[in-house]
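Notes follow once the structure below has been shown.
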């Protein structure tokens, strides 16, 4: 896959933003609260949970007006780099993709983005956006950004306040103070409290507090200076990680040792609860962070019985429920206000009001079923995907799909042989010194230890069935001799 059409490296922001806002899209997190649909290998931002598209794609579209926004900066975990690049490429936009070697929470990600942008344009205003939020009122969102811009340029760190609908304990609460002289729609923050208990949250709701949306706007240099003042260890680690970063294909890979020294802390706790530069603008646009299955239900389009159904499912005497059948056909009878999510290898059933407890469930699942928490049966790769069909003690059967123009790494295995049967398309297969085209209903055998590669020279995807046989069938029995994607 040629990423040069879709992603830009660090040189792409050497020019000033020219007064436009630089969107910074944060793609961190494991998405455990939306298990089993969301997994560590493909978390929430990269799943079509609402309106048939991923929230990451929707976020990219929301900041695509180049009269208001400069090209975005995306901060993502290196394990998700090709998911990010694929969606950027699909939209045909340019973006700088910065890779985190490990998860260090949002303070480090914001510091990295601020340091990166400030080094190229100290006066640039950055808009920090989570990749997994839903905003359907794009015009209202643009209006709020424009209304808050003067305050951000004057040095404020502006958050977008959401009118609460219930005494939720998963959000921060903000009490608005006096209006700022630079922008009358923006108020100083007189209190910023992260995640109170339910009794306190109800009192805040009664007193007119707003939720913190977790999206912020600030001058890059001013935001970085505030992080240096309030969370100096985070700022130092971020600065060094950016200064010593290396370009990898079209990604900017942060230095692992430097970035790893940043404490794990959110931007909200590290900065927003302590700073005297916090400001808030009341968001008139709709917003959801899709934090639980109940919020997915709430963001859906229910039928007359209040049910939201995705996939192949049949409901009888059911109301107020969310059913997602991603694989098997699901039948639900005689229950109300439940969540049923079925994938090909796992099923979740919970009371809708208790769907926030899925995170605790996943922590227990990780102890006994770590693979089910980490990834789906279908595993995505930069060249396409593979999906396990059957597995025994000394064999495994996979379905493999390779995109047009893509190719697997040149590799060999110490413990297994492979047999490939092409179902659709034409594959070019290398086995040691032999290169041949393998068409539909044709096969090729790869002996244990043979150096081999498959690529798709055609215009349609190549689909094949792979039968592995050997004493060890793990994915770590791959020795990559050449790889287009610089994987280890």
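Residue numbers (UniProt numbering): 1 to 488.
Virtual Cβ for every residue (Gly too), placed ideally from N, Cα, C.
| message | Are the CB atoms of residue 127 and residue 156 within a distance shorter than 8 Å? | response | no
| Curious, which full-length beta strand (DSSP E) runs of at least 3 residues does the segment 114 to 189 contain? | 125 to 130, 157 to 162, 173 to 180
| query | What are the residues that DSSP puts in a beta bridge with residue 216? | reply | 128, 159
| Cutoff 7 Å; reference residue 11; Cβ partners in own chain excluding five residues on either side | Residue placement at residue 11 is flagged as unreliable, the pLDDT there being 39, under the threshold of 50; a coordinate-derived value is accordingly withheld.
| task | Please go through the segment 202 to 267 and give each complete alpha helix (DSSP H) segment of 4 or more residues, from N-terminal end onward. | result | 220 to 230, 232 to 243, 256 to 260
| message | Taking the beta carbon of residue 418 as the centre, do at least 16 other beta carbons fall within 10 Å, making it buried, or is it exposed? | response | buried
| If we ignore side chains and look at the alpha-carbon of each, how far apart do residue 302 and residue 312 end up? | 16 Å
| query | With burial defined as no fewer than 16 other Cβ atoms inside 10 Å of the residue's Cβ, what is the status of residue 2: buried or exposed? | reply | Low confidence applies to residue 2: its pLDDT is 35, below 50, so where it sits in the model is not reliable, and the reading given next is rough at best. It is exposed - the Cβ of residue 2 has fewer than 16 other Cβ atoms within 10 Å.
| said: I'd like to know whether the C-beta of residue 132 is nearer than 8 Å to at least one C-beta of chain C. | reply: Absent from the structure: chain C. Only one protein chain is present.
| request: Go to residue 278, then tell me how far its beta strand (DSSP E) extends in each direction, as first and last residue. | output: 278 to 282
| request: For residue 56, count neighbouring C-beta atoms within 10 Å of its own C-beta (all shown protein chains included) and say buried if the count is 16 or more, exposed if not. | output: buried
| said: Restricting to Cα atoms, I'd like to know which of 31, 106, 42, 326 is closest to residue 381. | reply: 42
| task | Identify whether residue 371 lies in helix, strand or coil by the three-state DSSP scheme. | result | helix
| query | DSSP on residue 195, reduced to helix/strand/coil? | reply | coil
| Roughly how many angstroms separate the alpha carbons of residue 25 and residue 110, rounded to a whole number? | 10 Å
| query | By DSSP, does residue 61 sit in helix, in strand, or in coil? | reply | helix
| In whole angstroms, what separates the C-alpha of residue 324 from that of residue 275? | 42 Å
| request: Identify whether residue 105 lies in helix, strand or coil by the three-state DSSP scheme. | output: helix
| field | Residues near residue 201 in its chain [Cβ-Cβ closer than 6 Å; skip 5 each side] | value | 167, 169
| request: Quickly, what does DSSP pair residue 294 with across the bridge? List them, please. | output: The partner list for residue 294 (beta bridge, DSSP) is empty, contrary to what the question assumes.
| field | residue 210 and residue 176 closer than 8 Å at C-beta | value | yes
| query | Expressed to the nearest angstrom, what Euclidean distance is found between the alpha-carbon atoms of residue 205 and residue 477? | reply | 55 Å
| request: From the DSSP output, in three-state form, read off residue 440 for me. | output: coil
| Where does residue 475 fall in DSSP's three states? | coil
| Pairwise C-alpha distance: residue 142 and residue 135 | 11 Å
| message | Tell me the DSSP secondary structure of residue 452 in three-state form. | response | strand
| Quick one: what does DSSP say residue 81 is sitting in, helix, strand or coil? | helix
| query | So what does DSSP say about residue 418, is it helix, strand or coil? | reply | strand
| field | Beta-bridge partners of residue 337, as assigned by DSSP | value | DSSP output for residue 337 lists no bridge partner at all.
| What first and last residue would you give for the beta strand (DSSP E) that runs through residue 23? | 22 to 26
| task | Take residue 256 and list the residues in its own chain whose beta-carbon comes closer than 6 Å to its own, dropping the five residues that flank it on each side. | result | 101
| said: Restricting to Cα atoms, I'd like to know which of 213, 266, 446, 34 is closest to residue 468. | reply: 446
| message | Assuming contact is defined by CB atoms lying nearer than 8 Å, are residue 319 and residue 305 in contact in what I supplied? | response | yes
| Helix, strand or coil at residue 13 according to DSSP, with G and I counted as helix | For residue 13, the predicted model reports a pLDDT of 42, less than 50, meaning its position is unreliable and no value from the coordinates is stated.
| query | Which residues mark the beginning and the end of the beta strand (DSSP E) in which residue 41 is found? | reply | It is not in any beta strand (DSSP E) - residue 41 carries neither H nor E in the DSSP assignment.
| field | Bridge partner(s) assigned by DSSP for residue 398 | value | 388, 466
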